[in-house]
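> Just so we're aligned, residue 465 is where the sequence shown starts under our numbering, counting upward by one.
We treat Cβ as the ideally placed atom computed from N, Cα and C, and that holds for glycine.
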Amino acid sequence: MYILGLNAFHGDSSCCLFKDNQLVCAAEEERFTRIKHYAGLPFESIKFCLNDQKIDISDIDYITINRDPKSKVLQKIIYAIKNKFQIIKLFNRVKNLKKIKNLKLEIEKEFNCKDIKAKVCNIEHHTAHIASSVFTSNFTNCNYLSVDGFGDFVSTVAGKFQNGKIFKFDEVLFPHSLGLFYTLITQFLGFKKYGDEYKVMGLSAYGNPKYINEVESLFLKKDKKLFELDLKYFLHHSGNVEMTWYNQEPKISDIFSEKVFSLLGNPREIDEKITQKHMDIASSAQKVYENILFKILNDLYLKNKTENLCLSGGCALNSLANGKISNFTPFNKIYINHSPGDSGGSIGSVLAFLNKGNKKNIYINDNPYLGPKFSNDYIQTLVDNSFEKLENSKVKVKKYEIQDDMLKATAKELSEGKIVGFFQGNMEFGARALGNRSILADPRIKDIRDVLNKKIKNREEFRPFAPSVLSEKKVEWFGDEDISPFMSKVIKINSSKANLVPGVVHADQTCRAQIVNKDKNLVFYNLIKYFDKITNVPMVINTSFNENEPIVCKPEEALSCFLRTDMDILVLENYIFKRYR
465 MYILGLNAFH
475 GDSSCCLFKD
485 NQLVCAAEEE
495 RFTRIKHYAG
505 LPFESIKFCL
515 NDQKIDISDI
525 DYITINRDPK
535 SKVLQKIIYA
545 IKNKFQIIKL
555 FNRVKNLKKI
565 KNLKLEIEKE
575 FNCKDIKAKV
585 CNIEHHTAHI
595 ASSVFTSNFT
605 NCNYLSVDGF
615 GDFVSTVAGK
625 FQNGKIFKFD
635 EVLFPHSLGL
645 FYTLITQFLG
655 FKKYGDEYKV
665 MGLSAYGNPK
675 YINEVESLFL
685 KKDKKLFELD
695 LKYFLHHSGN
705 VEMTWYNQEP
715 KISDIFSEKV
725 FSLLGNPREI
735 DEKITQKHMD
745 IASSAQKVYE
755 NILFKILNDL
765 YLKNKTENLC
775 LSGGCALNSL
785 ANGKISNFTP
795 FNKIYINHSP
805 GDSGGSIGSV
815 LAFLNKGNKK
825 NIYINDNPYL
835 GPKFSNDYIQ
845 TLVDNSFEKL
855 ENSKVKVKKY
865 EIQDDMLKAT
875 AKELSEGKIV
885 GFFQGNMEFG
895 ARALGNRSIL
905 ADPRIKDIRD
915 VLNKKIKNRE
925 EFRPFAPSVL
935 SEKKVEWFGD
945 EDISPFMSKV
955 IKINSSKANL
965 VPGVVHADQT
975 CRAQIVNKDK
985 NLVFYNLIKY
995 FDKITNVPMV
1005 INTSFNENEP
1015 IVCKPEEALS
1025 CFLRTDMDIL
1035 VLENYIFKRY
1045 R
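1. Quickly, what does DSSP pair Ala-622 with across the bridge? List them, please.
2. Looking at C-alpha atoms only, which residue of Arg-732, Phe-698 and Ile-756 is the closest neighbour of Thr-620?
3. Would you give the residue range spanned by the alpha helix (DSSP H) that Lys-511 belongs to?
4. Taking all protein chains shown into account, decide if Glu-892 is buried (16 or more other Cβ within 10 angstroms of its Cβ) or exposed.
5. At the level of alpha carbons, what is the spacing between Tyr-662 and Asn-782?
6. Pull up the distance between the alpha-carbon of Tyr-526 and that of Lys-860, whole angstroms please.
7. Gln-978 bridges to which residues according to DSSP?
8. Could you check what DSSP says for Ser-960 in three-state terms: helix, strand or coil?
9. First and last residue of the beta strand (DSSP E) that includes Leu-682?
10. Beta-carbon within less than 6 Å of Val-558's beta-carbon, same chain only, minus the 5 sequence neighbours each way: which residues are those?
11. Which residues mark the beginning and the end of the beta strand (DSSP E) in which Asn-586 is found?
12. How should Asp-868 be labelled, buried or exposed, when 16 other C-beta atoms within 10 angstroms of its C-beta is the threshold for buried?
13. At the level of alpha carbons, what is the spacing between Cys-1025 and Glu-855?
14. Suppose the cutoff is 7 Å on Cβ atoms and the five residues either side in sequence are ignored; what does the same chain contact list for Asp-634 look like?
15. To the nearest whole angstrom, what separates the beta carbons of Thr-591 and Ala-816, a pair I think is in contact under 8 Å?
16. Grab me the residues of Ser-1008's own chain with a C-beta within less than 8 Å of its C-beta, minus the 5 sequence neighbours each way, in chain order.
17. Can you give me the C-alpha to C-alpha distance between Leu-871 and Asp-830, rounded to a whole angstrom?
18. In chain order, what are the residue ranges of uninterrupted beta strand (DSSP E) at least 3 long that sit wholly in the segment 846-915?
19. Would Ile-719 and Leu-644 be called neighbours here (beta carbons separated by less than 8 Å)?
20. Quick check: the Cα distance between Ile-1040 and Glu-877, rounded to an integer number of angstroms?
21. Note the first and the last residue of the continuous beta strand (DSSP E) segment covering Leu-481.
22. Write down the C-beta distance between Asn-922 and Asn-1012 rounded to the nearest angstrom, noting that I regard them as a contact closer than 8 Å.
23. I need the straight-line Cα distance from Pro-506 to Phe-575, nearest angstrom please.
24. For Gly-881, I'd like the list of residues in its chain whose CB is within less than 7 Å of its CB, leaving aside the five on either flank, ordered along the chain.
25. Let me make sure I understand the geometry here. Which of Ser-535, Lys-956 and Gln-978 has the alpha-carbon closest to that of Val-969?
26. Straight-line CA distance for Asn-547 to Gly-703?
27. Just tell me which of Glu-493, Thr-497 and Ile-519 has its CA closest to the CA of Lys-483.
28. Quick one, which of Lys-657, Ala-582 and Phe-512 has its alpha-carbon nearest Ile-716's?
29. Considering only their Cβ atoms, is the gap separating Asn-963 from Trp-941 smaller than 8 Å?
30. Could you check what DSSP says for Leu-411 in three-state terms: helix, strand or coil?
31. I'd like the list of long-range same chain contacts for Ala-491, defined as Cβ closer than 6 Å, with 5 residues on each side in sequence excluded.
32. Taking its Cβ as the centre, do 16 or more other Cβ atoms sit within 10 Å of Cys-479, making it buried, or is it exposed?
33. In the segment 995-1027, which residue ranges form an unbroken beta strand (DSSP E) of at least 3 residues, counting only runs that do not cross its ends?
34. Quick check on Asn-981: buried or exposed, where buried means 16 or more other Cβ atoms within 10 Å of its Cβ?
35. Determine the direct distance from the alpha carbon of Ile-594 to that of Gly-615, and round the result to whole angstroms.
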């Protein structure tokens, strides 16, 4: 049985393929279209999944999608009547809503076929989020929290997962949303692109929470509810916010009203210099977000007293808050998968569907390496076709017959301060699952952040870089802290070690660390192992392989990024490309 899972007509569209209840491949559409956070139908991802398994669209039995236009219809109508909100606006805020209903038709049109046999199954947005987390966590009993902007008229769902069943305790409906609160602050601070919220999180580390009272004013104080926005500061509920979602990068116009100015002053312009006040606003917003999150979690624990917690939804990407959960709540075992945001909803939609139809519990491995891979023969053809370009750029290429020899040579280059583009095996799925499409550097170098930004990344100077650490060295460097394999938590580094890796330690002695296990990624693990043998430091800086673009997918994109930036070394499978200056 083949099932295609989709996140479609929404930001970070994606596709996955299950064969006989097992996840076999998945990809995010932005990696193929080269448009960040691409919204629309993920046709290229669908084609990749079909080609990967050597099947045709006619072989698909079911198509699941993490959207259900029929969900919360009554609540939508009641809201519209109560708030004199035009029902037609509410139901068509996203212009492609009708396309969700005609999903099969859209696919048939793209693949030039008629009457595909697959049955389309709509899965409520947050149910897909929750399923993507609980069914990959290996917990049989846990609490869950799904928090994001909005999906199917809902922003937040809290409950428990027990013996294969999902139970809901609380939910928050439109127009109230922690995700939209964070988006308001993001836009107010001059970060206008879809998905820029992580910049506020990074900026918050440089500020002091001096504006907590002002930021808290964005919420109404109602103890009986999880939280409630003070809507006079917001515009998203009015129907007057412009949103563009279809076949391009998502865009959302400002969601804050002018009343915010009375709290926080004038908003920062896009090109305006970042001041201490901006940092303090970011710090205050992060603190307010954390306080609300921890209150929700503490109340959740009282309803089901387990130390196990699954987090999902776009807000689960707030690694700074995630790293503090065990300090401010009773939860000690916190699971966040490699794609807790909307792209992971494609996988979650299938898992929710399978859970409905199976008597036995559904669990899958949380392996994130699900995308395209390329052979050494493919790389050789690329080298042959790029001979003149490489020669003009003073790049020499060496092929290593033995992979270990290539890894040892790469580790040596890293230890000598070189910046390395590392391209191996299957492409990762999810923004926080790195290792096969990565830019690597030596964390011992104090000014490595400036070097990386100058040579390649060209991003805001306040944004830190993160380390990938050998799993067996975790305790030695980070104590008993629970470290994620998916860079989803910011944690404290042992004080005796912090000065050894200044390139990854934040001002508050924390790192957004990722552990690397043999069983998940042996090649990347061995590279760090060789680096450790040379330096006695069991970690490397690991950031996404891109330059203000989606993470590279194909060798051609990796080579292009290498040639147009000032990267020192490029590793494509068993080949090392080296600049001679």
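The answer reads as follows:
1. Leu-609 and Asp-634
2. Ile-756
3. 507-516
4. buried
5. 7 Å
6. 48 Å
7. Ser-932
8. coil
9. Per DSSP, Leu-682 belongs to no beta strand (DSSP E) and is neither H nor E.
10. Bear in mind that a pLDDT of 46 at Val-558, under 50, signals an unreliable position, so the model cannot answer this.
11. 583-586
12. exposed
13. 16 Å
14. Ala-622 and Leu-690
15. 5 Å
16. Ala-895, Leu-898, Arg-901, Ser-902, Ile-903 and Ile-1015
17. 25 Å
18. 859-863, 884-887 and 901-905
19. yes
20. 11 Å
21. 478-483
22. 6 Å
23. 12 Å
24. Asp-906 and Ile-909
25. Lys-956
26. 11 Å
27. Ile-519
28. Lys-657
29. no
30. This structure cannot speak to residue 411, because the chain is shown only from 465 to 1045.
31. Ser-509, Phe-512 and Gly-835
32. buried
33. 1003-1008
34. exposed
35. 12 Å
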